[in-house]
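J.: Sharing a structure, written as structure tokens. Questions coming.
Residue numbers (our numbering): 104 to 642.
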């Protein structure tokens, strides 16, 4: 019942359920190719890829202007759409330049090869952005040819007669001989002023973009400049350096602890190796299901990037276990019982089943509480918060298809495992420094809220964090890992109760995973006792 309730509430509160998604990726690809064909571009080319992105700036814009109970209904109009579909084509195979990336993105590889084209559509297939690199850049062409902006307006489902000409403000990334701009409004959102800019090279479109107030260039009422939002490309440098420094310090601490344990003959190397193999396999499986496989020699670089990530995850897991396990055994041995038994291969141990079952209960209950907290303002008539909080990459990645949903499942398992191990390391280090478990827990909780924040208010924060420590100390590592994983899946994937929706594969995958874990935990926790026999005996 709790799992069903979670799915129902997720269907009311997830951003992907508020914004209309009438078309599957296959239909949106067909729309993108039809637009390219109308604009005179050869399609399909040798390689193509696609995905979904979100524009959270629109939510910021709405929240700064509309504090009513019904402001989510503005998102449900679908214009402008918070969720966008991007599509890329290239005469060469699309291989990401960053070897640690498995899948080409909207901006990687960069748009530099002649003939490359990138489009952005809304969820109904209407053109919102286009960038192209001209295939013909010699001096023999006719530079006086004018562009056909009527086709662009038709692809964007905008009426050219409702717009007034204006001066262009942006510079396209490709060579262009003609730039034009207009001002107007969206047909379904007349209260939002927009600018439409286009650039042409010898009569062919090389750039097109619809600019809303929240993404206008700097100096024109907006905060960004250029055709690409800067925060989507380069994060804050100081935050990056701080994070790298913290991770290096953390890794150095782990290495010193592991070195000390190895010299003292402590630490179960066999179990550390098994945990490391799990981390390695998770990275490889994520690559198998999630990468953009192409018959290109540069794919070898991607493969070596995968090996780099896999061996790094292997070494990190081994280091974590050797550094942590001896100290945790000495301080809180009860938290490791089921974890150690599972790594030993005792998958039918009743203690393992019990802690898996308790972890599922914690995770499903936590996800139910998160969705209820998000929907409570709507039920009580107050102002709801952001439907994209907390942000989770799985919500958009899973929309791509079944393979990508599976790849994200392995990625989440790996990320959650690393996240939990980081938290345990921090808790152990604080325990060593302050010598009191209760004091270490208090400081640990305060640091967690400071780093990750809390969107649940003071009372919700206290209950949430208190429950985490209760599960950790009473049930152990395995329960907290299973619970956090379950909660993350139920909070991140685009869940729906409509099994006929084109994105229902994500809901089916998550439901099977959660039900499978729960049934496994329940069955194994009985220790071989038949369920029906005990129930009949009690009756």
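Cβ coordinates follow ideal geometry from the N, Cα and C atoms, glycine included.
Which whole runs of the beta strand (DSSP E) in the segment 264-310 are 3 residues long or more, in chain order?
T.: Runs found: 267-269, 281-288, 296-304.
J.: Please classify residue 158: is it buried, with 16 or more other beta-carbons within 10 angstroms of its beta-carbon, or exposed?
T.: Numbered from 1 along the chain shown, position 55 holds the residue referred to as residue 158. It is buried - the Cβ of residue 158 has at least 16 other Cβ atoms within 10 Å.
J.: With DSSP collapsed to three states, give me the class of residue 225.
T.: The count along the chain shown starts at 1 and reaches residue 225 at position 122. If DSSP states are grouped into helix, strand and coil, residue 225 belongs with the strands.
J.: Would you kindly work out how many angstroms separate the C-alpha atoms of residue 307 and residue 137, rounded to a whole number?
T.: Start at 1 with the first residue of the chain shown, and residue 307 comes out as number 204. Start at 1 with the first residue of the chain shown, and residue 137 comes out as number 34. Approximately 16 Å between the Cα atoms of the pair.
J.: CA-CA distance, residue 162 and residue 428?
T.: Counting from one through the chain shown, the residue named residue 162 turns up at place 59. Counting from one through the chain shown, the residue named residue 428 turns up at place 325. Approximately 44 Å between the Cα atoms of the pair.
J.: What are the start and end residues of the alpha helix (DSSP H) that includes residue 601?
T.: For the purposes of this step, residue 601 is taken as residue 498 along the chain shown, with counting starting at 1. Here residue 601 belongs to no alpha helix (DSSP H), and DSSP marks it neither H nor E.
J.: So, does the segment 455-474 touch the segment 482-489, judging by three or more C-beta pairs under 8 Å?
T.: The segment 455-474, when compared against the segment 482-489, does not touch it at the 8 Å Cβ threshold.
J.: Considering only residues of the same chain and omitting the five flanking positions on each side of residue 146, which have a CB-CB separation below 7 Å?
T.: For the purposes of this step, residue 146 is taken as the residue at position 43 of the chain shown. Counting only Cβ-Cβ distances below 7 Å, and skipping sequence neighbours, we find 136, 139, 140, 192.
J.: So residue 523 packs on residue 583, CB below 8 Å; how close in whole Å?
T.: The count along the chain shown starts at 1 and reaches residue 523 at position 420. The count along the chain shown starts at 1 and reaches residue 583 at position 480. Right, the Cβ-Cβ distance comes to about 6 Å (below 8 Å), so this counts as a contact.
J.: What distance in whole Å lies between the Cβ atoms of residue 236 and residue 190, which are believed to be in contact at a cut-off of 8 Å?
T.: As a working mapping, residue 190 is identified with position 87 in the chain shown. As a working mapping, residue 236 is identified with position 133 in the chain shown. So it is not a contact: roughly 15 Å between Cβ atoms.
J.: Given this structure, state the Cα-to-Cα distance separating residue 188 from residue 155, to the nearest angstrom.
T.: As a working mapping, residue 188 is identified with position 85 in the chain shown. As a working mapping, residue 155 is identified with position 52 in the chain shown. Looking at the two C-alpha atoms, the distance is approximately 5 Å.
J.: Check residue 261 in the structure and name its three-state DSSP category.
T.: Along the chain shown, one-based indexing puts residue 261 at 158. Residue 261 falls in the coil class under three-state DSSP.
J.: Between the beta-carbon of residue 474 and the beta-carbon of residue 206, is there less than 9 Å?
T.: As a first step, residue 474 is located in the chain shown; it is residue number 371 there, counting from the start. As a first step, residue 206 is located in the chain shown; it is residue number 103 there, counting from the start. No, the Cβ-Cβ distance between residue 474 and residue 206 is not below 9 Å.
J.: I'd like to know if the segment 418-427 and the segment 208-223 are in contact, where contact means that at least 3 CB-CB pairs between them fall below 8 Å.
T.: With a cut-off of 8 Å, the segment 208-223 and the segment 418-427 do not count as touching, because too few Cβ pairs lie within range.
J.: Using 8 Å as the Cβ pair cut-off and three pairs as the minimum, do the segment 437-447 and the segment 571-589 touch?
T.: The answer is yes - the segment 571-589 touches the segment 437-447, with three or more Cβ pairs under 8 Å.
J.: Grab me the residues of residue 657's own chain with a C-beta within less than 6 Å of its C-beta, minus the 5 sequence neighbours each way, in chain order.
T.: Nothing in the structure corresponds to residue 657, since the chain is present only between 104 and 642.
J.: Identify, in the order they occur along the chain, each residue of the same chain with its Cβ nearer than 7 Å to the Cβ of residue 413, setting aside the five sequence neighbours on each side.
T.: As a working mapping, residue 413 is identified with position 310 in the chain shown. Excluding positions up to five away in sequence, the list reads 383, 386, 387.
J.: Per the contact definition of three or more C-beta pairs closer than 8 Å, is the segment 498-507 in contact with the segment 618-637?
T.: Not touching, per the Cβ criterion.
J.: Cβ of residue 280 within 9 Å of Cβ of residue 305?
T.: Within the chain shown, numbered from 1, the residue matching residue 280 stands at position 177. Within the chain shown, numbered from 1, the residue matching residue 305 stands at position 202. Yes.
J.: Using the rule of at least 16 other Cβ atoms within 10 Å of the residue's Cβ for burial, across every protein chain shown, is residue 197 buried or exposed?
T.: Along the chain shown, one-based indexing puts residue 197 at 94. Buried: at least 16 other Cβ atoms inside 10 Å.
J.: Return the CA-CA distance between residue 333 and residue 120, expressed in angstroms with no decimal places.
T.: Translated into positions along the chain shown, residue 333 becomes position 230. Translated into positions along the chain shown, residue 120 becomes position 17. For residue 333, the predicted model reports a pLDDT of 32, less than 50, meaning its position is unreliable and no value from the coordinates is stated.
J.: Roughly how many whole angstroms lie between the Cα atoms of residue 321 and residue 210?
T.: Against the chain shown, residue 321 aligns to sequence position 218. Against the chain shown, residue 210 aligns to sequence position 107. The predicted position of residue 321 is uncertain, since its pLDDT is 49 and thus under 50; a value taken from the coordinates is nonetheless stated next. The straight-line gap from Cα to Cα measures roughly 21 Å.
J.: Would you say the segment 489-500 touches the segment 345-362, given that touching needs at least three Cβ pairs under 8 Å?
T.: No: fewer than three Cβ pairs fall under 8 Å.
J.: Around the Cβ of residue 262, are there at least 16 other Cβ atoms within 10 angstroms (buried) or fewer (exposed)?
T.: As a position in the chain shown, residue 262 is number 159, starting the count at 1. Flag for residue 262 reads exposed.
J.: Classify residue 184 as buried or exposed, calling it buried when 16 or more other Cβ atoms lie within 10 Å of its own Cβ.
T.: Working through the chain shown from its first residue, we reach residue 184 at position 81. Label assigned to residue 184: buried.
J.: Could you check if residue 215 is buried or exposed, using at least 16 other CB atoms within 10 Å of its CB as the buried criterion?
T.: By one-based count along the chain shown, residue 215 stands at place 112. The residue in question, residue 215, is exposed, as its Cβ has fewer than 16 Cβ neighbours within 10 Å.
J.: In terms of residues, what are the limits of the alpha helix (DSSP H) holding residue 491?
T.: Along the chain shown, one-based indexing puts residue 491 at 388. Taken as a continuous stretch (DSSP letters only), residue 491 belongs to no alpha helix (DSSP H), as it is neither H nor E.
J.: Kindly list the residues whose CB is nearer than 6 Å to the CB of residue 118, restricted to its own chain and excluding five residues on each side of it in sequence; keep chain order.
T.: Numbered from 1 along the chain shown, position 15 holds the residue referred to as residue 118. The residues are 490, 491.
J.: What first and last residue would you give for the beta strand (DSSP E) that runs through residue 579?
T.: Residue numbering aside, residue 579 sits at position 476 when the chain shown is read from its first letter. Neither: residue 579 is in no beta strand (DSSP E) and is coded neither H nor E.
J.: Mind checking who residue 157 pairs with in its DSSP beta bridge?
T.: The count along the chain shown starts at 1 and reaches residue 157 at position 54. Answer is 186, bridged to residue 157.
J.: Identify whether residue 450 lies in helix, strand or coil by the three-state DSSP scheme.
T.: In the chain shown, residue 450 corresponds to position 347, counting from 1. Of the three classes helix, strand and coil, the one that applies to residue 450 here is coil, per DSSP.
J.: Output the distance between the C-alpha atoms of residue 626 and residue 431, rounded to the nearest integer angstrom.
T.: Position 523 of the chain shown, counting from 1, holds the residue named residue 626. Position 328 of the chain shown, counting from 1, holds the residue named residue 431. Using only the alpha carbons, I get a separation of about 29 Å.
J.: Just list the residues that DSSP pairs residue 119 with in beta bridges.
T.: Counting from 1 along the chain shown, the entry for residue 119 is found at position 16. Beta-bridge pairing links residue 119 to no other residue.
J.: Between which two residues does the beta strand (DSSP E) harbouring residue 233 extend?
T.: As a first step, residue 233 must be located in the chain shown, where it is residue number 130. Residue 233 -> beta strand (DSSP E) spans 230-235.
J.: Which of the three DSSP states is assigned to residue 163 in this structure?
T.: Numbered from 1 along the chain shown, position 60 holds the residue referred to as residue 163. Of the three classes helix, strand and coil, the one that applies to residue 163 here is helix, per DSSP.
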